[in-house]
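Peer 1:
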Ligand code: DX5
Ligand code: ZN
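Residue numbers (this note's numbering): 702 to 917.
1. Please work out which residues of its chain come closer than 6 Å, Cβ to Cβ, to residue 880, disregarding the five sequence neighbours upstream and downstream, and give them in chain order.
2. Report back the beta-carbon spacing between residue 769 and residue 786 to the nearest angstrom; my notes put them in contact at under 8 Å.
3. Is there contact between the stretch 725-735 and the stretch 825-832, where contact requires at least three CB pairs shorter than 8 Å?
4. Could you give the DSSP three-state label for residue 874: helix, strand or coil?
5. Can you have a look at residue 907 and say buried or exposed, based on whether 16 or more other CB atoms are within 10 angstroms of its CB?
6. Should the stretch 855-863 be called in touch with the stretch 755-767, which here means at least 3 C-beta pairs below 8 Å?
7. Residue 769 bridges to which residues according to DSSP?
8. For residue 717, count neighbouring C-beta atoms within 10 Å of its own C-beta (all shown protein chains included) and say buried if the count is 16 or more, exposed if not.
9. With a threshold of 7 Å, establish whether the CB of residue 896 neighbours any heavy atom of the ligand ZN.
10. So, residue 738 versus residue 779, is the Cβ gap smaller than 8 Å?
11. So what does residue 908 bridge to, in DSSP terms?
12. Using a threshold of 8 Å, state whether the C-beta atoms of residue 853 and residue 873 are closer than that.
13. For residue 736, count the other beta carbons within 10 Å of its own beta carbon; 16 or more makes it buried, fewer makes it exposed. Which is it?
14. Can you grab the Cα-Cα spacing for the pair residue 812 / residue 774, in whole Å?
15. May I ask you to check if the CB of residue 709 is nearer than 7 Å to at least one heavy atom of the ligand ZN?
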């Protein structure tokens, strides 16, 4: 399977969202990555359902919505209505993760779980066959443009082994500090989806940067 590049809209120009969405439409990227932050689970506030809905209006590719919020189960239906295709909740924010994942799937979306840098992938041992996507945070969630945490490689390899051993279909997504220098190694370690925010949107030619990431 070729890797999936998911540009993170957090790094886009919010005053020109339509233009940014069209750039991603016409690029080699396969998904949109959309970061929702509540100022409680993470120390930052980003955007909510109305903005997801506005992106959906122009987006011609799946919306991968990353919820960095407490009580994500309260908003599953709202995000489906706003247009999410993949809905990812944080392991650290879910007391009843199994129930939350079932609720996401019942709404017809793919169910993702994100792990903070301190959370071992082995914590997903009992649930990995119920997950469509595991998002390994390679920075502490809350902000774009942070430095990639090197220990992520080992987590990818351990997670990949678990996925294969259990026959899970889960994709491995890497989120935070992804760039052209680490993309190849991340894919070699077992990553399927690379999220890239600043590296794409702060570059001179975002469309070309997306193609470059796909071609590493
Ligand atoms: C961080 C977000 C990321 C972020 C990545 O909390 O989950 O998706 O936008 O941005 P970069 O690629 O700039 O690290
Ligand atoms: Zn994210």
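Ideal Cβ placement from N, Cα and C applies to all residues, glycine included.
Peer 2: According to the structure shown:
1. Within the same chain, residue 880 has close Cβ partners 900.
2. So it is not a contact: roughly 18 Å between Cβ atoms.
3. Using a Cβ-Cβ distance cut-off of 8 Å, the stretch 725-735 and the stretch 825-832 are not in contact, since fewer than three pairs of beta carbons, one from each stretch, lie closer than that value.
4. Residue 874 falls in the strand class under three-state DSSP.
5. Burial call: buried.
6. No: fewer than three Cβ pairs fall under 8 Å.
7. The partner list for residue 769 (beta bridge, DSSP) reads 738.
8. Around the C-beta of residue 717, fewer than 16 other C-beta atoms lie within 10 Å, and the residue is accordingly described as exposed.
9. It does: the Cβ of residue 896 is within 7 Å (strictly closer) of some heavy atom of the ligand ZN.
10. No, these two residues do not count as a Cβ contact at 8 Å.
11. According to DSSP, residue 908 bridges with nothing at all.
12. Their beta carbons are not under 8 Å apart, which means residue 853 does not touch residue 873 by this criterion.
13. It is buried - the Cβ of residue 736 has at least 16 other Cβ atoms within 10 Å.
14. Near 12 Å, if we compare the C-alpha coordinates of residue 774 and residue 812.
15. The beta carbon of residue 709 sits closer than 7 Å to at least one heavy atom of the ligand ZN.
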